[in-house]
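Working notes for the structure below.
Residue numbers (this note's numbering), protein chains in the order written: chain W, 8 to 84; chain P, 2 to 198.
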């Protein structure tokens, strides 16, 4: 017997990456409509990816930015 | 007659090249915030990331003619950067990094653990997410082994496609996908481990 929640867990990453076949997408969606337990976990994963991206973003220092700008070829060269 | 003064055609060609070079440098500099954002998480420290970005731009400006206009400049810059980073890593650490990954948790593991700690019957995902601090996320990502982290940072932080990540790291696309999936699981396992029981 297939455990649909296990299967849904396996499909989650490729599903959110948009790399599943149409048939697999339909399969996952069908289960997600019936199973709020899995749906909640999919939604969490989606939000987590965004949350991680924001949390680890560190702006570049103005000093480095100036150093990079100074690497440009002088216009009159 | 080659020593004679440059012809009008030569002058025109040189002027065109100078313009193309200025354009290239401007475009590359416009991407520097994004390049740094990725570099910061590939490197171990801020200083290292800054060195890497500076060296990347030095090399890019030296070899600008190797860039094919119309292709992805951000990916081209990151390719230089990851190569520099790998060279540096190999210098610092001669023995290859072997990372046994024990008891890899599934994709629902983190949510299950966080949800179990909330008192309410039916918490929403937002409340669950708030259990993770910014510092804990930075630390959890830093602890993901290099091979997995490189892919994770390029795709999930830098928002590169699988194909771009494959090209940047010079590995097959299938390897990108498998490292990405495992890297995300390792990250979530690290996050779960960092949450006080």
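All residues carry an ideal CB built from backbone N, CA and C; glycine is no exception.
Whether residue i touches residue j by CB criterion (9 Å)
i                     : j                     : result
residue 118 (chain P) : residue 62 (chain W)  : no
residue 14 (chain W)  : residue 38 (chain W)  : yes
residue 60 (chain P)  : residue 50 (chain P)  : no
residue 53 (chain P)  : residue 59 (chain W)  : no
residue 57 (chain P)  : residue 15 (chain P)  : no
residue 33 (chain W)  : residue 22 (chain W)  : no
residue 139 (chain P) : residue 188 (chain P) : no
residue 43 (chain P)  : residue 82 (chain P)  : yes
residue 30 (chain P)  : residue 79 (chain W)  : yes
residue 154 (chain P) : residue 39 (chain P)  : yes
residue 13 (chain P)  : residue 65 (chain P)  : no
residue 132 (chain P) : residue 121 (chain P) : no
N- and C-terminal bounds of the alpha helix (DSSP H) containing residue i
i                     : result
residue 68 (chain W)  : Residue 68 (chain W) -> no alpha helix (DSSP H), and no H or E assigned at all.
residue 14 (chain W)  : 11-24
residue 196 (chain P) : First-last for residue 196 (chain P): undefined, no H or E at that position.
residue 62 (chain P)  : 47-63
residue 113 (chain P) : 110-118
residue 31 (chain P)  : 9-31
residue 31 (chain W)  : 29-41
residue 150 (chain P) : 147-153
residue 130 (chain P) : 126-130
residue 162 (chain P) : Neither: residue 162 (chain P) is in no alpha helix (DSSP H) and is coded neither H nor E.
residue 138 (chain P) : 135-143
Own chain partners of residue i with C-beta closer than 6 Å, once the 5 adjacent residues on each side are dropped
i                     : result
residue 97 (chain P)  : Reliability fails at residue 97 (chain P), whose pLDDT of 45 lies under 50, so the model's placement of it is uncertain and the value that follows must be treated cautiously. For residue 97 (chain P), where only same-chain residues beyond five positions count, there are no Cβ hits under 6 Å.
residue 196 (chain P) : none
residue 12 (chain W)  : 45
Contact set for residue i: own chain, Cβ-Cβ below 8 Å, skip 5 residues either direction
i                     : result
residue 177 (chain P) : 152, 156, 163, 166, 167 and 170
residue 68 (chain P)  : 25, 61, 74 and 77
residue 95 (chain P)  : The pLDDT assigned to residue 95 (chain P) is 46, lower than 50, so where the model puts this residue is not dependable, and the model offers no usable value.
residue 24 (chain W)  : none
residue 8 (chain P)   : none
Supposed close pair residue i, residue j - CB separation, criterion 8 Å
i                     : j                     : result
residue 75 (chain W)  : residue 33 (chain P)  : 6 Å
residue 20 (chain W)  : residue 185 (chain P) : 6 Å
residue 130 (chain P) : residue 48 (chain W)  : So it is not a contact: roughly 12 Å between Cβ atoms.
residue 181 (chain P) : residue 137 (chain P) : At roughly 21 Å, the Cβ-Cβ gap does not stay under 8 Å, so residue 181 (chain P) and residue 137 (chain P) are not in contact.
residue 50 (chain W)  : residue 126 (chain P) : 5 Å
Proximal residues to residue i (C-beta, below 7 Å), its chain only, five neighbours per side dropped
i                     : result
residue 17 (chain W)  : none
residue 148 (chain P) : 180
residue 31 (chain W)  : 18
Counting Cβ pairs, one atom from each stretch, are 3 or more of them under 8 Å apart for the region 146-165 of chain P and the region 109-116 of chain P? no
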